[in-house]
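Notes follow once the structure below has been shown.
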Amino acid sequence: METLENKPTTKDVISASKELLKRYPTNIELKKITLEIEKLQSQIGGNEQQDDKIADFISMLKDEVRDGD
2 METLENKPTT KDVISASKEL LKRYPTNIEL KKITLEIEKL QSQIGGNEQQ
52 DDKIADFISM LKDEVRDGD
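Numbering (our numbering), first residue to last: 2 to 70.
Here is the structure:
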């Protein structure tokens with residue numbers, strides 16, 4: 002049995018390269034993604050004063066429910 006070895010054409014190599022590059026972001030894309038992540042973290046990080054107010058409000062509600070029983 003004879004084995005034939007065909008090398009890929011230039012078109013095939015370029016096509017495969019493009020597909021690989023789609024999976025790996027460029028430096029600019031990485032910076033953009035990093036900035037978006039930082040922005041989202043700052044948004045969900047919340048405000049400590051607001052968190053304290055919510056905790057106080059919940060405590061007040063709990064006290065009212067206990068007093069109402």
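Just so you know, even glycine gets a beta-carbon here, dropped at the ideal spot from N, CA and C.
Please read these numbers as outputs of a predicted model, since none were measured by experiment.
Looking at the structure shown, is Lys-8 part of a helix, part of a strand, or coil, going by DSSP?
Taking the sequence shown and counting its residues from 1, the one referred to as residue 8 is at position 7. It is coil, neither helix nor strand.
Backbone secondary structure at Thr-35 - three-state DSSP:
For the purposes of this step, residue 35 is taken as the residue at position 34 of the sequence shown. In this structure, Thr-35 counts as helix in the three-state DSSP scheme.
Spatial neighbours of Glu-76 within its chain, please: CB distance less than 6 Å, with the 5 preceding and 5 following residues excluded, ordered by chain position.
Outside the modelled stretch of the chain, which goes from 2 to 70, sits residue 76, for which no answer is possible.
Quick one: what's got a C-beta closer than 6 Å to Asp-68's C-beta in the same chain, skipping five residues either side?
For the purposes of this step, residue 68 is identified with residue 67 of the sequence shown, where counting begins at 1. Correct list: empty, nothing qualifies.
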